[in-house]
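A.B. asks:
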Amino acid sequence: MLALVRSAIVLLYPRTDELPGAEDCGLDAFLERYREETTPLVWFGVVLGAIVFHLTPVFTVGVPVPAFALSPRLGDKHAHAIAQTDSYVVRQAIFLLKLVAGLAWGQGAEVRARLGLRALPPDPDTWRTE
């Protein structure tokens, strides 16, 4: 399921001329750690969001193939359309996936540098209340 989640996130946060994409921000290591540290219910929601994302291009761009098989142009069009769907349930599934994608992307040192922010320090691996 990691590959399915990863491919959806790469389509949601693509590389541009101005900013790196999610795949440039240590996405694989982030997803492994996220899966280990999150609750099973949240991880299920992320995977469900990825499945919904990959199965819906037929409704958003009119092409009956999974999102990972779309061209970059159609993948971008699909990502934009599915995030703005009128279906609340679908939109929330995609939002959960985008939330995790944003966490991975936003912690990237190169992303932060391009936005004028300093890099985050390494995670101390402690509870935040200590």
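Counted the way the numbering used here counts, the sequence shown spans residues 662 to 791.
Glycine included, each C-beta is placed from N, C-alpha and C at the ideal position.
None of the values given here were measured: they were computed from a predicted structure.
Taking the C-alpha atoms as reference points, what is the distance between Ala770 and Gly777?
C.D. replies: A straight line joining the alpha-carbon of Ala770 with that of Gly777 spans about 10 Å.
A.B. asks: Could you pull out every residue in the same chain whose Cβ sits closer than 7 Å to the Cβ of Trp704, ignoring the five residues on either side in sequence?
C.D. replies: Arg696
A.B. asks: State the DSSP-derived secondary structure class of Arg779, mapped to helix, strand or coil.
C.D. replies: coil
A.B. asks: Would you mind working out which of Asp784, Pro785, Val761 and Leu731 sits nearest Asp689, comparing C-alpha positions?
C.D. replies: Comparing Cα positions, the closest option is Val761.
A.B. asks: Going by Cα to Cα distance, which pick from Pro701, Ala664 and Thr699 is closest to Glu684?
C.D. replies: Ala664
A.B. asks: Taking the runs of the alpha helix (DSSP H) that are 4 residues or longer, which of them lie wholly in the stretch 684-726?
C.D. replies: Counting only runs of 4 or more, we get 688-698, 701-716 and 718-721.
A.B. asks: What do you get for Gly706, buried or exposed, if any count of 16 or more other CB atoms within 10 angstroms of its CB means buried?
C.D. replies: When all chains shown are included, Gly706 counts as buried.
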